[in-house]
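S.K.:
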Amino acid sequence: MNIDHVAIVVNDVDKAASHYKNILYVHEVKFETIATEGVKLAILKLNNARIELMEPINDDSPIKKFLEKNGEGLHHIALETNNINNTIQNMNNCAIKFLGNVRTGSENTKIIFIHPKSFHGVLLELCEYAK
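Be aware that the sequence shown starts at 1010, since it is given in my numbering, and climbs by one per residue.
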(Lines of atoms letter the chains of each structure in order from A and count residues from 1; the text may use other names and numbers.)
(Lines give C-alpha, C1' and ligand atoms only; values in the text may rest on other atoms or scores of the structure.)
Protein backbone atom coordinates (compact mmCIF):
# COMPACT_ATOMS: atom_id res chain seq x y z
CA MET A 1 0.00 0.00 0.00
CA ASN A 2 0.96 3.61 -0.49
CA ILE A 3 -0.13 6.75 1.29
CA ASP A 4 -2.68 8.29 -1.04
CA HIS A 5 -3.56 11.40 0.92
CA VAL A 6 -3.73 13.15 4.25
CA ALA A 7 -7.10 14.76 4.99
CA ILE A 8 -7.35 17.99 6.96
CA VAL A 9 -10.59 19.55 8.20
CA VAL A 10 -10.84 23.32 7.68
CA ASN A 11 -13.43 26.04 8.22
CA ASP A 12 -13.06 27.55 4.75
CA VAL A 13 -11.74 25.26 2.01
CA ASP A 14 -11.20 28.06 -0.52
CA LYS A 15 -9.13 30.15 1.87
CA ALA A 16 -7.18 27.14 3.14
CA ALA A 17 -6.51 25.88 -0.41
CA SER A 18 -5.09 29.26 -1.39
CA HIS A 19 -2.85 29.27 1.68
CA TYR A 20 -1.57 25.71 1.12
CA LYS A 21 -1.11 26.30 -2.61
CA ASN A 22 1.01 29.41 -2.09
CA ILE A 23 3.11 28.09 0.78
CA LEU A 24 3.75 24.62 -0.68
CA TYR A 25 4.06 25.78 -4.31
CA VAL A 26 1.28 23.45 -5.43
CA HIS A 27 0.37 23.95 -9.08
CA GLU A 28 -2.71 21.75 -9.28
CA VAL A 29 -5.73 22.08 -7.00
CA LYS A 30 -8.98 20.33 -7.81
CA PHE A 31 -12.24 21.18 -6.05
CA GLU A 32 -14.92 18.55 -5.60
CA THR A 33 -18.11 18.27 -3.56
CA ILE A 34 -19.19 14.89 -2.25
CA ALA A 35 -22.79 15.39 -1.20
CA THR A 36 -23.13 11.89 0.29
CA GLU A 37 -20.31 12.70 2.74
CA GLY A 38 -21.41 16.31 3.26
CA VAL A 39 -18.05 17.82 2.27
CA LYS A 40 -16.42 20.18 -0.17
CA LEU A 41 -12.85 19.20 -0.94
CA ALA A 42 -9.78 20.90 -2.25
CA ILE A 43 -7.38 18.26 -3.51
CA LEU A 44 -3.78 19.44 -3.67
CA LYS A 45 -1.58 17.18 -5.77
CA LEU A 46 1.98 16.80 -4.56
CA ASN A 47 4.71 14.77 -6.25
CA ASN A 48 4.06 11.62 -4.24
CA ALA A 49 0.70 12.07 -2.52
CA ARG A 50 -2.24 14.41 -2.08
CA ILE A 51 -3.54 16.67 0.64
CA GLU A 52 -7.33 16.83 0.90
CA LEU A 53 -8.74 19.88 2.63
CA MET A 54 -12.31 19.22 3.79
CA GLU A 55 -15.05 21.70 4.66
CA PRO A 56 -18.49 20.56 5.82
CA ILE A 57 -21.35 21.66 3.57
CA ASN A 58 -24.27 20.86 5.87
CA ASP A 59 -25.12 20.33 9.52
CA ASP A 60 -25.50 16.55 9.06
CA SER A 61 -21.93 16.13 7.85
CA PRO A 62 -19.70 14.04 10.12
CA ILE A 63 -16.99 16.57 9.27
CA LYS A 64 -19.12 19.35 10.79
CA LYS A 65 -19.32 17.39 14.04
CA PHE A 66 -15.58 16.73 13.94
CA LEU A 67 -14.83 20.42 13.31
CA GLU A 68 -17.08 21.54 16.18
CA LYS A 69 -15.50 19.05 18.58
CA ASN A 70 -11.83 19.26 17.53
CA GLY A 71 -11.38 22.39 15.45
CA GLU A 72 -9.31 22.49 12.29
CA GLY A 73 -6.65 19.85 11.83
CA LEU A 74 -5.72 16.34 10.78
CA HIS A 75 -8.72 14.09 10.13
CA HIS A 76 -7.38 10.91 8.54
CA ILE A 77 -4.67 9.23 6.52
CA ALA A 78 -5.71 7.38 3.36
CA LEU A 79 -3.93 4.30 2.09
CA GLU A 80 -4.25 3.23 -1.52
CA THR A 81 -4.88 -0.44 -2.22
CA ASN A 82 -5.11 -2.24 -5.55
CA ASN A 83 -8.04 -4.38 -4.40
CA ILE A 84 -10.14 -2.93 -1.61
CA ASN A 85 -12.29 -6.05 -1.20
CA ASN A 86 -9.27 -8.34 -0.70
CA THR A 87 -7.74 -5.85 1.72
CA ILE A 88 -10.97 -5.70 3.73
CA GLN A 89 -11.15 -9.49 3.83
CA ASN A 90 -7.55 -9.74 5.05
CA MET A 91 -8.14 -7.08 7.69
CA ASN A 92 -11.36 -8.76 8.83
CA ASN A 93 -9.24 -11.83 9.56
CA CYS A 94 -7.22 -9.59 11.91
CA ALA A 95 -10.33 -8.29 13.73
CA ILE A 96 -10.08 -4.79 12.25
CA LYS A 97 -13.27 -2.75 12.71
CA PHE A 98 -14.63 -0.76 9.79
CA LEU A 99 -16.90 2.28 9.80
CA GLY A 100 -19.72 1.68 7.33
CA ASN A 101 -19.41 0.00 3.97
CA VAL A 102 -17.46 0.60 0.77
CA ARG A 103 -18.73 3.73 -0.96
CA THR A 104 -17.65 6.31 -3.54
CA GLY A 105 -15.09 8.90 -2.50
CA SER A 106 -13.22 11.71 -4.22
CA GLU A 107 -12.03 11.22 -7.78
CA ASN A 108 -14.42 8.26 -8.12
CA THR A 109 -12.47 6.05 -5.73
CA LYS A 110 -13.93 3.20 -3.71
CA ILE A 111 -13.37 3.99 -0.02
CA ILE A 112 -13.95 2.60 3.44
CA PHE A 113 -12.85 3.94 6.82
CA ILE A 114 -11.18 1.93 9.57
CA HIS A 115 -12.15 2.64 13.17
CA PRO A 116 -9.43 4.56 15.05
CA LYS A 117 -9.46 1.95 17.83
CA SER A 118 -8.06 -0.54 15.32
CA PHE A 119 -5.00 1.64 14.63
CA HIS A 120 -3.96 3.23 17.94
CA GLY A 121 -6.28 6.24 17.69
CA VAL A 122 -5.70 7.07 14.00
CA LEU A 123 -8.61 7.15 11.55
CA LEU A 124 -7.48 5.40 8.36
CA GLU A 125 -9.19 5.27 5.00
CA LEU A 126 -8.63 2.62 2.36
CA CYS A 127 -9.10 3.74 -1.23
CA GLU A 128 -9.01 2.04 -4.60
CA TYR A 129 -8.92 3.93 -7.89
CA ALA A 130 -11.09 2.72 -10.78
CA LYS A 131 -9.17 0.59 -13.20
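Where a beta carbon is used, it is the ideal one built from N, C-alpha and C, also for glycine. Keep in mind the model is a prediction, meaning the values are calculated, not measured.
List the DSSP bridge partners of residue 1060.
M.R.: Here the question's residue 1060 lines up with position 51 in the sequence shown. Answer by DSSP bridge pairing, in chain order: 1015 and 1053.
S.K.: Would you mind stating whether residue 1020 and residue 1081 have Cβ atoms separated by less than 8 Å?
M.R.: Counting from 1 along the sequence shown, the entry for residue 1020 is found at position 11. Counting from 1 along the sequence shown, the entry for residue 1081 is found at position 72. Contact flag set, yes.
S.K.: Could you check if residue 1010 is buried or exposed, using at least 16 other CB atoms within 10 Å of its CB as the buried criterion?
M.R.: Numbered from its first residue, the sequence shown carries residue 1010 at position 1. Counting Cβ neighbours within 10 Å, residue 1010 comes out exposed, since fewer than 16 surround it.
S.K.: Between which two residues does the alpha helix (DSSP H) holding residue 1122 run?
M.R.: What you label residue 1122 is simply residue 113 of the sequence shown in a count that begins at 1. First-last for residue 1122: 1119-1123, but that is the beta strand (DSSP E), not the alpha helix (DSSP H).
S.K.: Mind checking residue 1123: buried by the 16 CB within 10 Å criterion, or exposed?
M.R.: Taking the sequence shown and counting its residues from 1, one reaches residue 1123 at position 114. That one is buried.
S.K.: Would you identify the three-state DSSP class for residue 1022, choosing helix, strand or coil?
M.R.: The residue labelled residue 1022 in the question sits at position 13 within the sequence shown. If DSSP states are grouped into helix, strand and coil, residue 1022 belongs with the helices.
S.K.: Straight-line CA distance for residue 1097 to residue 1043?
M.R.: Taking the sequence shown and counting its residues from 1, one reaches residue 1097 at position 88. Taking the sequence shown and counting its residues from 1, one reaches residue 1043 at position 34. Using only the alpha carbons, I get a separation of about 23 Å.
S.K.: Helix, strand or coil for residue 1106, going by three-state DSSP, please let me know.
M.R.: As a position in the sequence shown, residue 1106 is number 97, starting the count at 1. Residue state, collapsed to three classes: coil.
S.K.: Rounding to the nearest angstrom, what Cα-Cα distance links residue 1051 and residue 1065 in this structure?
M.R.: Along the sequence shown, read from residue 1 onward, the residue named residue 1051 stands at position 42. Along the sequence shown, read from residue 1 onward, the residue named residue 1065 stands at position 56. Distance between the alpha carbons of residue 1051 and residue 1065: 12 Å.
S.K.: Starting from residue 1096, trace the alpha helix (DSSP H) in both directions and tell me its first and last residue.
M.R.: The count along the sequence shown starts at 1 and reaches residue 1096 at position 87. Segment 1093-1101, the alpha helix (DSSP H) holding residue 1096.
S.K.: Return the chain-ordered list of same chain residues with a C-beta closer than 8 Å to the C-beta of residue 1067, the five sequence neighbours on each side being excluded.
M.R.: On the sequence shown, position 58 is the one that residue 1067 refers to. Closer than 8 Å at Cβ, skipping near neighbours: 1047 and 1073.
S.K.: By a C-beta neighbour count over all protein chains shown, 10 Å radius and 16 as the cutoff for buried, is residue 964 buried or exposed?
M.R.: Since the first residue of the chain shown is 1010 and the last is 1140, residue 964 is not available in this structure.
S.K.: Given a threshold of 16 other Cβ atoms within 10 Å of its Cβ, counted over all protein chains shown, does residue 1055 qualify as buried or as exposed?
M.R.: As a position in the sequence shown, residue 1055 is number 46, starting the count at 1. Burial call: exposed.
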